[in-house]
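Report on the structure given below.
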Amino acid sequence: MSTTIQMVEITNFRNFNHLVLNLNDGASIITGKNKLGKSNVLNAINWVLTDTLLTDKYGVGENDIDSIVPINHVRGEHTEVAITLSTGAIYSKIYKVSYTTDGS
39 MSTTIQMVEI
49 TNFRNFNHLV
59 LNLNDGASII
69 TGKNKLGKSN
79 VLNAINWVLT
89 DTLLTDKYGV
99 GENDIDSIVP
109 INHVRGEHTE
119 VAITLSTGAI
129 YSKIYKVSYT
139 TDGS
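The opening residue of the sequence shown carries number 39 in the numbering used here; numbering runs sequentially from there.
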């Protein structure tokens with residue numbers, strides 16, 4: 039039996055304030071219009087599993103950790119992604135930001 043991702047919880051990652059995805063045991067397909075965050079979901083999963091960010095078409099990514107922070111974040115908020123596997127194991131990453139988007 040293979041290990042699968044059962045749930046992904048994303049908090050303050052790019053365009054998501056909070057998102058919980060419960061995935062099926064089989065294949066899951068993420069669909070939607072442009073600019074809704076499909077790639078951001080995959081990037082969040084990749085960040086937890088590989089400790090790197092995917093580089094987007096604008097060149098933002100792997101070495102630009104601040105690129106995951108939402109535009110309207112508040113000082114002291116954190117970005118967090120947690121993945122629950124079918125084995126019950128939970129993997130998560132947290133990135134705490136100490137400034138606001140206006141630089142203060």
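Each residue gets a CB set at the ideal place from its N, CA and C atoms; glycine is no exception.
When you compare only the Cα positions, how much space is there between residue i and residue j?
i    : j    : result
K76  : G70  : 7 Å
Y129 : T88  : 11 Å
L61  : M45  : 6 Å
R52  : I67  : 20 Å
G64  : N78  : 21 Å
K73  : A127 : 31 Å
L123 : I43  : 4 Å
By a C-beta neighbour count over all protein chains shown, 10 Å radius and 16 as the cutoff for buried, is residue i buried or exposed?
i    : result
I121 : buried
T117 : buried
Go through its chain and collect everything with a Cβ distance to residue i's Cβ below 8 Å, but skip five positions before and after it.
i    : result
V119 : V46, E47, I48, T49, F51, A82, I83, W85, V86, S130 and K131
Counting only the same chain and skipping the five closest in sequence on each side, list residues whose C-beta sits under 6 Å from that of residue i.
i    : result
T125 : T41
When you compare each of the options to residue i by their alpha carbons, which one comes out closest?
i   : options                : result
F54 : I43, T90, I106 and L92 : I106
Distance cutoff 8 Å, beta carbons only. Does residue i sit that close to anything in chain D?
i   : result
G64 : You won't find chain D in this structure, because it holds only one protein chain.
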